[in-house]
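2 protein chains.
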Amino acid sequence: MISKTEFIQKLRNSSLRPTKQRIDICDVLFNREKTFHFTINDLFNLVKERKDQKASLATIYNTVHAFHKKGYLKEIPINSNQTYFDTNVTDHHHFFDVKEERLIDLKNEDVGPIDIQKSIPGKKIKSVEVLVKLED
Amino acid sequence: MISKTEFIQKLRNSSLRPTKQRIDICDVLFNREKTFHFTINDLFNLVKERKDQKASLATIYNTVHAFHKKGYLKEIPINSNQTYFDTNVTDHHHFFDVKEERLIDLKNEDVGPIDIQKSIPGKKIKSVEVLVKLED
DNA sequence: ATTCTTCTTTAGAATAATTATAAAAAACTA
DNA sequence: TAGTTTTTTATAATTATTCTAAAGAAGAAT
Ligand SMILES: [Mn+2]
Ligand SMILES: [Mn+2]
Ligand SMILES: [Zn+2]
Ligand SMILES: [Zn+2]
């Protein structure tokens, strides 16, 4: 359970002013047991449900991108019309349940080591991500 | 070099009427040495450049989705605002050059075999795809 | 060939996600 | 407190994609 004060600290350290909206968004995003995969709309609705505070859709977009830029959120490429974000910013892989449109974390040990035996001159590898699509 | 007649045959066999537009799109897409990664807009412009024939944007969308449904094109999930398609419909992986926004095929032998050591009850694996992001 | 039926193309409207704008509000500084 | 900067917000704009419905083309039947 991360306290409000801790969020304020973290925001300040990131040169982001600790506004009510941002603190609330932090609480929704980071006070969780498990990693959280969400779309902008998911987050908007979760924040809206809380009686104490609301944030406009624009603020959700702004904040998610601010957090993403600071490295507190990760963007997940899935074949969908909406962008997914992930509170787990470590390098890891995913199941994607196509029917339920749901992302599930795969630990690195659930997927063997992947070594890429090809290289492109002048380019280096930034990330290696596996997406495993699931069907019924 | 695939002939017009062959495209007509293939379209007919797929219960798609061989229209001028579709034949032209086939020519742009499938008369290539290498696999072709493209967005709807890329294709629209390539077809437009040809003096002999033009196709509306709506037709490009319609045709790409018809071909996709028939299994002649593959959709590639990358973190972008546009959907990418691929004329290589076999199971394979990709490099994605983030700066140049370009996809490059990886052969299966360029990536070791990937075995997923986790399963979700009631679900089976549909596909396993690796996306390797490249930076300078 | 002529007519009929079905499919396809197309322009333009509609939708949906995202980004931009700019004024009011909140946070910070002096 | 007053001044400065950042943030929020409503709203407009943009962009990719899908929908609609009328005109055109293709195929089948006559
Ligand atoms: Mn994850
Ligand atoms: Mn490919
Ligand atoms: Zn972002
Ligand atoms: Zn499709």
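The listed protein sequences derive, respectively, from chains B and G. For what it's worth, our numbering labels the leading residue of the first sequence as 977, then goes sequentially. For what it's worth, our numbering labels the leading residue of the second sequence as 977, then goes sequentially. Think of the CB as a built atom: it goes at the ideal place given N, C-alpha and C, for glycine as much as any other residue. None of these values were measured; they are calculated from a predicted model.
Below 7 Å, is the gap between the Cβ of residue i and the nearest heavy atom of ligand 4?
i       : result
G/H1013 : no
B/H1070 : no
G/E1105 : no
B/H1044 : no
G/E1051 : yes
When you compare the CB positions of residue i and residue j, do they come within less than 8 Å of one another, or not?
i       : j       : result
G/A1042 : G/L992  : yes
G/E1105 : B/L1107 : yes
G/A1034 : G/I1001 : no
G/T1015 : G/T1066 : no
B/N1064 : B/D1081 : yes
G/K1083 : G/H1068 : yes
G/D1073 : B/K1099 : yes
G/P1089 : B/P1053 : no
In terms of DSSP beta bridges, what is residue i paired with?
i       : result
G/R1078 : G/D1073
G/V1108 : B/V1104, G/F1071
B/T1015 : B/Y1060
B/K1050 : B/D1062
G/V1087 : B/I1092
Apply the 10 Å Cβ neighbour rule to residue i and answer buried if 16 or more other Cβ atoms are within range, or exposed otherwise.
i       : result
G/L1110 : buried
B/D1112 : exposed
G/D1028 : exposed
B/I1101 : exposed
G/R1026 : exposed
B/I1096 : exposed
G/D1062 : buried
B/Y1037 : exposed
For ligand 2, is there any heavy atom lying closer than 7 Å to the beta carbon of residue i?
i       : result
G/L1079 : yes
Can you determine whether any heavy atom of ligand 3 sits closer than 7 Å to the C-beta of residue i, and answer yes or no?
i       : result
B/H1041 : yes
G/E1009 : no
Using a Cβ-based criterion (distance less than 7 Å to any ligand heavy atom), does residue i qualify as near ligand 1?
i       : result
B/D1003 : no
B/N1064 : yes
Between residue i and ligand 5, is there a pair consisting of the residue's CB and a ligand heavy atom that are separated by less than 7 Å?
i       : result
G/N1055 : This structure lacks ligand 5; its bound ligands are ligand 1, ligand 2, ligand 3 and ligand 4.
My understanding is that residue i touches residue j, with C-beta atoms under 8 Å, so please give their C-beta distance in whole angstroms.
i       : j       : result
B/I999  : B/K1024 : Actually they are not in contact, since the Cβ atoms of B/I999 and B/K1024 sit about 16 Å apart, beyond 8 Å.
G/Q997  : B/D1086 : Contact doesn't hold; Cβ gap of about 46 Å is too wide.
B/D1003 : B/F1020 : The Cβ separation is near 15 Å, so there is no contact.
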